[in-house]
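As structure tokens, the structure follows; a few thoughts come after it.
Numbering (my numbering), first residue to last: 4 to 180.
As structure tokens, then:
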């Protein structure tokens, strides 16, 4: 069985509470998960797309883990997607390298869960806001998995909540394998 590749796209991971907890929990399963921190790998933003494509091809599933930035992903992850998911590799012509891979988002948000609702602050669910990712996954013929989220990072979450969510995250990924 191939491992699941976790693309961690947090520009200040060492300062992150949630994403760091997630990474620490995932590291307990080195035989199941490969953790790939793209901000550490590419501090100059010069992505080696061939290296990334090879890394993806060695894994069965793909998780994109990031904090929500202006209702989207951090800029290096957007660049990574643009440069790695290329025509002829990810889509178009012979581009079927992602076909049937399970792809999931794991995101942290500053706002609370009820802010992401039709009646909430943003008048949209998190799934609605992140819908372009679902379209991308469909476009490359992969299988989109339900989002894992941690809401309310601005409210200084408790260690208990962080640990509980990190365990839920790892179990969710293990369930899709």
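All C-beta atoms, glycine included, are put in the ideal place defined by N, C-alpha and C. Quick caveat, the model's predicted, so the values are computed rather than measured.
Own chain residues within Cβ distance below 6 Å of residue i, not counting five before or after
i: residue 107; result: 66 and 148
i: residue 4; result: Residue confidence is low: residue 4 scores 47 on pLDDT, short of 50, so the model does not pin down where it sits. Its coordinate-derived value is still stated next. Excluding residues within five positions, none has a Cβ falling inside 6 Å.
i: residue 144; result: 102
Between the CA atoms of residue j and residue i - distance to the nearest angstrom
i: residue 71; j: residue 176; result: 20 Å
i: residue 172; j: residue 33; result: 15 Å
i: residue 79; j: residue 122; result: 32 Å
i: residue 35; j: residue 6; result: 5 Å
i: residue 45; j: residue 134; result: 27 Å
i: residue 98; j: residue 158; result: 43 Å
i: residue 68; j: residue 91; result: 25 Å
Same chain, Cβ closer than 7 Å to residue i, five either side skipped, listed in chain order
i: residue 162; result: none
Under the three-state DSSP convention, the category residue i falls into
i: residue 87; result: helix
C-beta neighbour in chain D for residue i, strict 8 Å
i: residue 112; result: In summary, chain D is missing from the structure at hand, where a single protein chain is found.
Assigned exposure category for residue i - 16 Cβ within 10 Å defines buried
i: residue 77; result: buried
i: residue 11; result: buried
i: residue 170; result: exposed
Opposing strand residues paired with residue i [DSSP bridges]
i: residue 67; result: 10 and 108
i: residue 40; result: 11
Close-in-space but distant-in-sequence residues of the same chain around residue i (CB under 8 Å, 5 per side omitted)
i: residue 96; result: 90
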